[in-house]
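Some notes on the structure that comes next.
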Amino acid sequence: MAATQKLYPRATVKRIVKAQANRNSSKNADILIFLDYMLFMQELMREASIRSRKAGEKHISPNSVRKVTEKTLRKFKG
Amino acid sequence: MSDTPNPRSRRSARDSEGSGASTPAGDTTLTRLQRLPIHTRHPSTPSRLAVSATPRSTSRYTPRNRGAAPSTPYGLRAMQRRAANTPGRDRRKSGRGQRETVFDVLRNLSKALAPNSQPIRSSPQPPPEPEPESEIDEIDELDNEPALERPRLSLPLDEVEEDDDEGSPEIRPPRMSLALEDEDMTHTSVEYPRRATFDRDRGRLSMMSYGARLSENFGDATGFEDGSEDGDATGMVLDEDDRQDETIISQNAFDRGGDTEDLGRFNFDFNFPSPVGPAEDLDQDGPLNDDEGFELPPVNLGLNAGPESDYSDDGDATGGFGLELNLPDRVSMSESPGLVGGGLRDEDTVIQGSKQKKLSRHGIPVPNMPAGVVRKLATRFARARSGPKTKISKTTLAAIEQASSWYFEQVSEDLAAYSKHAGRKTIDETDVTALMRRQRHLNNTTTVFSLAQKHLPKELLQDMRLAMPPR
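The structure is reproduced here in structure tokens:
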């Protein structure tokens, strides 16, 4: 948890959600949204690292991330 | 009628005898014929079964009689008598039994033989003669065949040899066919690369759940393929993008956005196949920057914040354009910044605002998730997963940013749907929890708070607790 003082810009998350959903979010809903986003990132990086390791790559390549993106997004489809 | 076939046949025989069917014992054919009618008679038998209270009429073999016997006292007595006497004695004592046994034997023989014997009888003299002949012929043929086979064995060898000698000509014909196919391929092959790019886009689109875009993309695709190839040559464009990202979040927004909004997301990147040359130079420089960028995420954040607010038209116009042009396809694919903005940016692209203004489907400009935050999260989870020294290159980061932008779009739509369903105008915490529950992140053992405790810093946890008191 290298959570520095500021883990993420709350206003930005709120604005993203508002723009995409065309709805306001309640005062602290963005925290949960960001929490879910963290879970998404965790899953994405997990899948990407697995895939890159299978491919024998030293570091996570953008290709492995791209390949995994769809699958992970589908997992996070509500 | 649950009786097994054998008892039925016996009964039928008896019945036929009792009815006087026993007359021509000698006619085997008649006996055969009788079988069929007997079976039909069985349904009528129940009357006899009812009468069967008397031991003689009822045969022990049928389970029914046993079941029915106890109902009447006579039946009980009869059962007792039968039990006392061995079944064999009863059969022997009864004259009918003896007669039956004879008939039964004959019938059994006929039954056993009939199926096999009939065909033989029907074609005793005439068919047998031809059959043996045919058999003989077959044998002869078989004899002949082996001889043929031997030469066959030799033939393939010869053919192989011939192939070796003449291998080129024989091989050629198949090639000819292949060549024809190839020609067909050539006709279509021109389109395949386009389709391939489209398919990629489609995958993305599917993720986005926009069906209509595909058709639109086709038209666009033709345009950007050319550019994409050029852009591919310059692998490093990303770095430049990153720079742009810092300055201007939505670089790709430049794309012609004029097309349909949906299409715009992906098309933008592709639409700008234009000049590659300048981009390459930038790209080369890029990699160095990548390393630097790694160390300095906070700086990036600051930069990002700046550009968003500024919507730097000047800087973007100069730097952003060159970069975007260079990066056509791959940039869109791999490098998230363009893609992220993409769908939203279509409208923006017209404006030239590029990164800063990506318009959502609702026409609202969407800020990008700051690259620094994305990188921080990505590195954290990547390191937790695969070692403390894993690094995330800029291209990878771009891909992650794109994924995250898609994620936010998807999640936002879901949340909006939930809140709308609840009749609210704002997205509530309950909507998010419902979403997470549907994502299988929350269940009976995992609560929002446990997840938050795991991932979020205390301050945010505090806020969250205040917002949604534990039930």
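From first to last, the protein sequence lines are chains A and B.
With UniProt numbering applied, the first sequence covers 1 to 78.
With UniProt numbering applied, the second sequence covers 1 to 471.
By construction, the Cβ of each residue, glycine as well, lies at the ideal position given by its N, Cα and C atoms.
Bridge partners of residue i, per DSSP?
i: THR426 (chain B); result: A:ASN24
i: LEU359 (chain B); result: B:PRO365
i: ILE392 (chain B); result: A:ILE60
So, does the CB of residue i fall closer than 9 Å to a CB anywhere in chain B?
i: ALA55 (chain A); result: no
i: ARG51 (chain A); result: no
Taking CB distances under 9 Å as the criterion, tell me whether residue i reaches chain A.
i: PRO370 (chain B); result: yes
i: HIS362 (chain B); result: yes
i: HIS455 (chain B); result: yes
i: THR395 (chain B); result: yes
i: ALA422 (chain B); result: no
i: THR445 (chain B); result: no
i: PRO367 (chain B); result: yes
In chain order, what residues of the same chain have a beta carbon less than 8 Å from the beta carbon of residue i, not counting five sequence neighbours either side?
i: ALA452 (chain B); result: LEU460, LEU461 and MET464
i: SER25 (chain A); result: LYS14, VAL17, LYS18 and ILE33
i: ALA422 (chain B); result: ASP428, THR430 and ASP431
i: TYR8 (chain A); result: PHE34
i: TYR37 (chain A); result: VAL13
i: ARG51 (chain A); result: SER64, LYS67 and VAL68
Secondary structure at residue i, three-state DSSP: helix, strand or coil?
i: residue 475 (chain B); result: Past the boundaries of the shown model lies residue 475 (chain B); chain B is included only from 1 to 471, so the question cannot be answered.
i: THR379 (chain B); result: helix
i: HIS441 (chain B); result: coil
i: LYS75 (chain A); result: helix
i: TYR8 (chain A); result: coil
i: LEU32 (chain A); result: helix
i: ALA55 (chain A); result: coil
i: LEU456 (chain B); result: coil
i: MET468 (chain B); result: coil
i: GLY387 (chain B); result: coil
i: THR446 (chain B); result: coil
i: THR72 (chain B); result: coil
i: GLY320 (chain B); result: Residue placement at GLY320 (chain B) is poorly supported in this model, since its pLDDT is 38, which falls under 50; the coordinates are not used for a value here.
Short of 7 Å in beta carbon distance, which residues of its chain neighbour residue i, apart from the five on each side in sequence? Order them along the chain.
i: ALA48 (chain A); result: ILE60, SER64, VAL65 and VAL68
Please list, in chain order, all residues of the same chain as residue i whose beta carbon is under 6 Å from its beta carbon, the five residues on each side excluded.
i: MET436 (chain B); result: LEU442
i: ASP414 (chain B); result: LEU435
i: VAL448 (chain B); result: THR433
i: THR390 (chain B); result: ALA382 and ARG383
i: LEU44 (chain A); result: THR72
i: LEU397 (chain B); result: ARG375
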